[in-house]
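Novice: First the structure, then my questions, so here it is.
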Amino acid sequence: MTIPSLPEEVYSEILKHIPTTDDLGIKLLSTFQQCNTLLRAAALAPEVWEPHYRTRYLHCVEDKERARRDATAGNWRELYIQRRRLDQMALHLLDEIRRDPRERPRKASVIADLSFDVWDALRLESKIPIPNCFQYSGGRQDDIPKDAPPRRFWANVFLGVIARRQTVRIWHGAFRRNEDLSFEVALASLSTMFDVSIKEVTIMLDNIFEQCKQELLDADICLDPRNPTYDVWDLCTQIRSILRDKGFRLASGNRFNRVLSQFPHDFLLSGQRDTIPMSLIYVFVAICRRLGISAYPINSPGAVLARVCTSDGDRIVDMRSAKRLVSPEQASELLHPLGAFASEAGASSTDAASSTTMLSRAFDNLLNFIQYERTFENDHRSFDWREAAYYTIVLGREFDRDGQIDFILPLPPSAKVFDYQLVLQDTLCPLLSGNRRTVIQRICTKRIEEEEKVSTQVRSRKDSGVSTVRYFVGLVFRHAALRYIGCIYGWDATCEADEHWMTEMQIDRLEYGRNQPFYKVFTVDARTRYVAQENIRYSMPSKLNKELVQVYESNSTFGRHFNGISDDGSRLLMSDELKYRYPDDDDYGRIWLRDNRLEEEG
C-alpha cells in the first residue's frame, strides 16, 4: 500500500517544530535533504532554518551580520551555513593552538578578529563535559569528549579575549569620550573579566524580567502607561516585592564582602542573590527599564536606593524594605544611618548617578572585597576570583582617575594567556598615549616573548644533566613536610628560580640544595608551587577524587595541562601541549610506575 505524500508546505510546517536545543535538529534536517524531492525541498526552505539560527547564534559582529543578511536576502539556511563555516574555522585554529604551541600569536589574532561571530561556538566548546575524575559524584557522565579539559580551557581563553576587548573600548568611550553608557552595560562589562559576555548578562536579566512580568500580569498589575489604571509607583513597589521574593536581598556577614557580589553573572544566579546594595539596584533598574520606566541608580554608599523619574515628579525607592516610595526631599530619612553624610549632602545624595560614577564605585568595592576575602574566605576557588577582580580594578583605572596609579600595571591572571597580546597590546595600548603607552607596550612585549619561550621549550630526558630527574609530569604527590596534595606539570633539572626567591625560601638549607631537580606543581589551595625533589612523596590519584576535583576547580590553568587520569588510575594524562614540551614523560611515567613498587600512604 502506498502512503500518499503530503504537500511540501505541510512538511515545512512540521520541520519548523524540530527541537533547536542542540545539533540533533540540524542533523535531522540534513537527513531530510537526502530523501525524496518533496522532503528535500521542505528541508531546504529558509523559514525552517530560522529557529535553529536564532537559538544557536545569540552573538554576532553587528556590521558583518548586516552584510551577511543583505548578501543572502535574509535566507536563514544560507546564514546558518556561513556562520557554521566561521565556527569551523575558529575551532580548527583552536585545536591547532591547543596541540602545537608554535605560531600561536598569529592564529590567536585570527580568532580574536572573528570576535563575536564565533562566540557561540566557543561557548559550546567551553561547556563540553569533563572527565569524571574532575567532578564530584553528582555530576558524572559517561560520554566524555576527547581532550575535554584543554578544549574547555582554550575556548575560555578566547571567550575572555573577545569579551574584554569590547570592554576596553566601552570603558575608553565612557570615561574618555563621554559616550553614553547604560548602567546595565556598565556593570555587565565587569563580568567579562570572568569570560562572560555583556550579551550573556543581558540574557540573564531578560529571563528574570520575563518571570517578573508574568507575575505582574498574574496579579492584574497594569503595565501599559496609556491605560487610565496604570500606576507607576504601585508598579515599582510590586517589582521590588517580586525581586525580594526571588531572593534579591541585602547580604549579611561574610556574604556581604564576597568578591563575586559585584559581578552580575554571579549575583543574578539563583542561590547567589543575597548581595550588595549596588547589585540590588542594578536588577531593579534593569527590570524597570524593560517596562519603560525611567529608573536610575543613586550613588549612596550604605543605602540601597534608586530614583524613578516621571513627568509628574520623581520618587526614591529603598530596596531594603517595603516602605513607600518617597520624594527626593523626603529621602533624607532613608539616609539617616549615614549621619552627617546625609544632612550635608542634601538633595545631591539622591540624584541619579552616571554609569561611570557607579563603575568607579564598583572598582572601590572590589578593592575592599579583595582585602576581606584574602583574610576570611576559605573557598578553594577564591584565589582565582581575587586575581580576576584585581585585574578588573587595574584595567578599569587605566581610564578612571588617570595618572593616579602610574606605578601599577595591568597584569592579567595566568589563565588569560593571550590578554597581553590581544587585550593590552592590540586593544588598550592604541587608546593610551605618552609614557603610559610605552611602558605597557614594553611589558606586553616582554611577557609575550616569555610565554612563547616557555610554551615552545622542549625538555627531553635524553638531554645531559636530566638523569637525576626522578619524577615526571602527571604525578600526583603529597608534600613530605607540608602534607598538601599536588600534581606535577613541569620540571627543571636544577632550581631555576632567581637568587632572591632561593634565599627567601632557604633552598640552600635543603639536604640537596639548589642542584637537585625542582618541579612545577598545582595544589588544592589554588597556588602553583616550585617544589624540590626531596619533598615529593607519591600518592595514588584514584584514591584522591575529592582532592583532584579541588585542584581542578581551584587552578584555572589546570585544564590546559591535563586530560584526565590513566586507565589504571596511576597518573594524570598530559595534554598535547605538555607532550610537546615533555616528549618523554608519558612513557617514562608509565614505565616508572610499573617498575617501582609503590605503597599508598596512610
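Residues in the sequence shown are numbered consecutively from 2, following the working numbering. Note that the Cβ used here is the ideal one computed from N, Cα and C, for glycine as well. Values in this document were obtained by computation on a predicted structure and should not be read as measured data.
Please state the DSSP three-state secondary structure of A343.
Specialist: Residue placement at A343 is flagged as unreliable, the pLDDT there being 43, under the threshold of 50; the coordinate-derived value follows with that caveat. Note: A343 maps to helix in three-state DSSP.
Novice: Would you say K521 and I566 are within 8 Å of each other, going by their C-beta atoms?
Specialist: Contact: no.
Novice: Just to check my reading of the structure: G487 and R530 have Cβ atoms closer than 8 Å, yes? What is that Cβ distance to the nearest angstrom?
Specialist: 7 Å between Cβ atoms; contact.
Novice: Could you check where the beta strand (DSSP E) with H480 kicks off and where it finishes?
Specialist: 477-480 is the extent of the beta strand (DSSP E) around H480.
Novice: Could you tell me which of V202, A498, A494, E374 sits nearest to Q517, measuring between CA atoms?
Specialist: Nearest of V202, A498, A494, E374 to Q517, Cα basis: A494.
Novice: Keeping to the same chain, check which residues put their C-beta closer than 6 Å to that of V169; ignore five residues upstream and five downstream.
Specialist: Closer than 6 Å at the Cβ level, and outside the excluded window around V169, lie T428, L429.
Novice: My output table needs one value for G404: the three-state DSSP class, helix, strand or coil.
Specialist: Only weak support is given to the placement of G404: the predicted model assigns it a pLDDT of 44, under 50, and the question is left unresolved by the model.
Novice: Mapping DSSP to helix, strand and coil, what is P265?
Specialist: Looking at P265 - three-state DSSP - the assignment turns out to be helix.
Novice: Can you tell which of G272, S242, T73 has its C-alpha closest to the C-alpha of R256?
Specialist: Checked all of G272, S242, T73; the closest Cα to R256 is G272.
Novice: Going by other Cβ atoms of all chains shown within 10 Å of its Cβ, with 16 needed for buried, is Q422 buried or exposed?
Specialist: Counting Cβ neighbours within 10 Å, Q422 comes out buried, since at least 16 surround it.
Novice: From the DSSP output, which residues share a beta bridge with T276?
Specialist: DSSP lists L251 as partners of T276.
Novice: For V298, list the residues DSSP reports as bridge partners.
Specialist: It is worth fixing the name first, because residue 298 is Pro in this sequence and not Val. A307, per the DSSP bridge assignment.
Novice: My assumption, with CB atoms under 8 Å, is that F210 sits in contact with R291. Please give the rounded CB distance.
Specialist: Yes, they are in contact, since the Cβ atoms of F210 and R291 sit about 5 Å apart, within 8 Å.
Novice: Within 10 Å of its beta-carbon, does V309 have 16 or more other beta-carbons around it, so buried, or fewer, so exposed?
Specialist: Looking at its Cβ environment, which holds 16 or more other Cβ atoms inside 10 Å, V309 is buried.
Novice: Between R103 and Q136, what straight-line distance do the alpha-carbon atoms span, to the nearest angstrom?
Specialist: Cα to Cα, R103 sits roughly 32 Å from Q136.
Novice: Counting along the chain, where does the beta strand (DSSP E) carrying R1 start and finish?
Specialist: Since the displayed the chain opens at 2 and closes at 603, residue 1 lies outside it and no answer follows.
Novice: Would you list the residues sitting across from V532 in a DSSP beta bridge?
Specialist: Y520, per the DSSP bridge assignment.
Novice: Mapping the DSSP letters down to three states, classify G466 as helix, strand or coil.
Specialist: G466 falls in the coil class under three-state DSSP.
Novice: S242 to L217, Cα distance in whole Å?
Specialist: Each residue's Cα considered, the two are about 11 Å apart.
Novice: Which residue comes first and which comes last in the alpha helix (DSSP H) that contains Y137?
Specialist: First-last for Y137: undefined, no H or E at that position.
Novice: Between the C-alpha atoms of Y392 and P106, what's the straight-line distance to the nearest angstrom?
Specialist: In a straight line, the C-alpha of Y392 is about 22 Å away from that of P106.
Novice: Tell me the residue span of the beta strand (DSSP E) that contains V169.
Specialist: Premise fails: V169 lies in the alpha helix (DSSP H), 149-178, not in any beta strand (DSSP E).
Novice: What's the gap between the Cα of F342 and the Cα of A304?
Specialist: Its pLDDT being 43, under 50, F342 is placed unreliably by the model, and nothing is read from it.
Novice: Is the distance from the Cβ of F154 to the Cβ of I112 below 8 Å?
Specialist: Going by C-beta atoms, F154 is not nearer than 8 Å to I112.
Novice: Give every residue of the same chain whose Cβ lies closer than 7 Å to the Cβ of N300, excluding the five residues on either side of it in the sequence, and list them in chain order.
Specialist: So the list reads A354, T358, M359, R362, once near-sequence residues are dropped.
Novice: Can you check whether the CB of E97 is closer than 8 Å to the CB of K108?
Specialist: The answer is yes: Cβ separation under 8 Å.
Novice: Within the continuous alpha helix (DSSP H) that includes G435, where are the two ends?
Specialist: Here the alpha helix (DSSP H) through G435 covers 435-457.
Novice: Kindly identify the DSSP beta-bridge partner or partners of A353.
Specialist: DSSP lists I299 as partners of A353.
Novice: Applying the 10 Å Cβ sphere with the 16-neighbour rule, what's the burial state of T3?
Specialist: Note that T3 scores 47 on pLDDT, short of 50, meaning its location in the model is unreliable and no value can be drawn from it.
Novice: Within 10 angstroms of its Cβ, does K547 collect 16 or more other Cβ (buried), or is it exposed?
Specialist: Exposed: under 16 other Cβ atoms inside 10 Å.
Novice: With distances taken from CA atoms, which of I449, V284, S383 is nearest L206?
Specialist: Comparing Cα positions, the closest option is V284.
Novice: F563 lies in the beta strand (DSSP E); which residues open and close that run?
Specialist: Its beta strand (DSSP E) spans residues 563-566.
Novice: Mark Q331 as exposed unless 16 or more other C-beta atoms lie within 10 angstroms of its C-beta, in which case mark it buried.
Specialist: Q331 comes out exposed.
Novice: Determine the burial state of I409: buried for a count of at least 16 other Cβ atoms within 10 Å of its Cβ, exposed for fewer.
Specialist: So I409 counts as exposed.
Novice: Can you give me the Cβ contacts of P278 inside the same chain, cut-off strictly under 6 Å, excluding the 5 residues immediately before and after it?
Specialist: Excluding sequence neighbours, P278 sits near V305.
Novice: State the Cα-Cα distance for the pair E63 and R165, rounded to the nearest angstrom.
Specialist: Each residue's Cα considered, the two are about 17 Å apart.
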